[in-house]
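The opening residue of the sequence shown carries number -19 in our numbering; numbering runs sequentially from there. Virtual Cβ for every residue (Gly too), placed ideally from N, Cα, C.
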Amino acid sequence: MDKIKIAVLGAGGLGKACLEIVAKKKEAKVVAICNSGGYLYSKKGISLKDLDRLKPSKDSIGEIIRLKDEFEGIFAALPNLPNEFVPGVVKRFIKAGYSGVYTCALKRTTAIKLMMKLDSSLKKNKSVYIAGCGATPGLLSAAAVLAAQSFIKVEDVNIRWGVGISNWNAYRATIREDIAHLPGYTVNRAKRMTDRDVDRLLNRTDGKLVLRNMEHADDILLKNTGVIDSLKKVSVGGVMDTRHAKKPVSTTMTLTGTTFEGKKSSHRFILGDETSMAANVVGPALGYLKRALWLKKHKIHGIFGSTDFMPMILR
Ligand code: NAD
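Given below as structure tokens:
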């Protein structure tokens, strides 16, 4: 069996984790990867240690676009600051005529809305994009779709995540994008912050970010699938500890609803505390990438969300 050939955009925390995870899979290999300074292509497959050999490039995404016929799936693990960045990158692939599949771990509702606008161009290229395939949205919003099946009416979906990383430098975009959700901060302000500004902020909070009422696309994805009738019924918040790998709190998704007998109850999905953010983001992104290839094979094209289909298992 031919292995699925994947291009990974971004070689930061999630991009590196993707290389490590795919190295343990029989069905796929990463053949192209880039960061902001360079790119690498290898027909044989790329491992973590190959990142030392990135070829310098001013437009590394452009180099990956030139290689568009050498892979069938893209995992976008790029920062999304500003909100238009990843949609803009996808537009470049579309314009170049790439016909394949994409998944991403985009988080913001605004960003996913921008992605939805690309539906007809993706269809024209016979491409499939499954958006919001990380942990939240992704694993947890998909779990909410399953949980909703027991109820006639869903009252709310409450997502509380906990992430522990030993050093913010390993997941720079994730941390900046989380900061953008703090009161008084915006996406643009977080983008403009220097590394010293981020260090200073984290020093004031003992390395922790406590986030409430995040603008997360779990809301729009769950509304589109019919789980909820109003975006207000989904709330997302979390605690990020940038100084300890141990999770500060367990990650939970609680869906509350009323059954056909009139009983009010909740289903709760709890992630194992030992599972890292990378495991819970890249695992689903690859599972959805395999689903996207399945959809393309069945001639179903366009943009979808992680709540529209079950991910498959990449072996
Ligand atoms: P990171 O900062 O560690 O890595 C980003 C990578 O992108 C780096 O290699 C950087 O060099 C590269 N890059 C930046 N600009 C580029 C450009 N113009 N051309 C080519 N490469 C470029 O980021 P991360 O912490 O791995 O996060 C990646 C994304 O995943 C973020 O948007 C983050 O919010 C998202 N994320 C989603 C979830 C979820 O549950 N949905 C969880 C965690 C992270």
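Please report the distance separating the alpha-carbon of residue i from that of residue j.
| i | j | result |
| --- | --- | --- |
| residue 126 | residue 120 | 10 Å |
| residue 62 | residue 271 | 28 Å |
| residue -2 | residue 75 | 26 Å |
| residue 34 | residue 114 | 26 Å |
| residue 237 | residue 193 | 20 Å |
| residue 134 | residue 176 | 44 Å |
| residue 158 | residue 151 | 11 Å |
| residue 164 | residue 295 | 44 Å |
| residue 29 | residue 188 | 31 Å |
| residue 206 | residue 289 | 13 Å |
| residue 178 | residue 148 | 9 Å |
Ignore the nearest five residues each way along the sequence and tell me which others in residue i's own chain have a CB closer than 6 Å to its CB.
| i | result |
| --- | --- |
| residue 284 | 110 |
| residue 224 | 144 |
| residue 215 | 138 |
| residue 220 | 143, 158, 189 |
Can you tell me which of the options puts its alpha carbon nearest to the alpha carbon of residue i?
| i | options | result |
| --- | --- | --- |
| residue 39 | 83, 20, 51, 243 | 20 |
| residue 118 | 261, 281, 280, 295 | 261 |
| residue 303 | 16, 17, -17 | Absent from the structure is residue 303, since the part of the chain shown begins at -19 and ends at 295. |
| residue 138 | 56, 146, 123, 69 | 123 |
| residue 211 | 195, 220, 226, -11 | 195 |
| residue -14 | 56, 37, 239, 70 | 56 |
| residue 279 | 103, 160, 172 | 103 |
| residue 218 | 207, 226, 232, 206 | 232 |
Under the criterion of a Cβ to heavy atom distance below 8 Å, does residue i qualify as lining the ligand NAD?
| i | result |
| --- | --- |
| residue -8 | yes |
| residue 64 | no |
| residue 1 | no |
| residue 60 | yes |
| residue 86 | yes |
| residue 215 | no |
| residue 12 | no |
| residue 168 | no |
| residue 72 | no |
| residue 260 | yes |
| residue 41 | yes |
| residue 94 | no |
| residue 257 | yes |
Enumerate in chain order the residues of its own chain whose CB-to-CB distance from residue i is below 7 Å, with the five nearest sequence positions on each side excluded.
| i | result |
| --- | --- |
| residue 44 | -13, -11, 12, 14, 19 |
| residue -7 | 150, 151, 154, 258 |
What residues in its chain sit with their C-beta under 8 Å from that of residue i, if we drop five residues either side in the sequence?
| i | result |
| --- | --- |
| residue 79 | 105, 106, 107 |
Determine contact between the segment 85 to 95 and the segment 193 to 206, defined as no fewer than three beta-carbon pairs at a distance below 8 Å. yes
Check whether the segment 3 to 21 touches the segment 45 to 59, counting contact only when three or more Cβ pairs, one atom from each stretch, lie closer than 8 Å. yes
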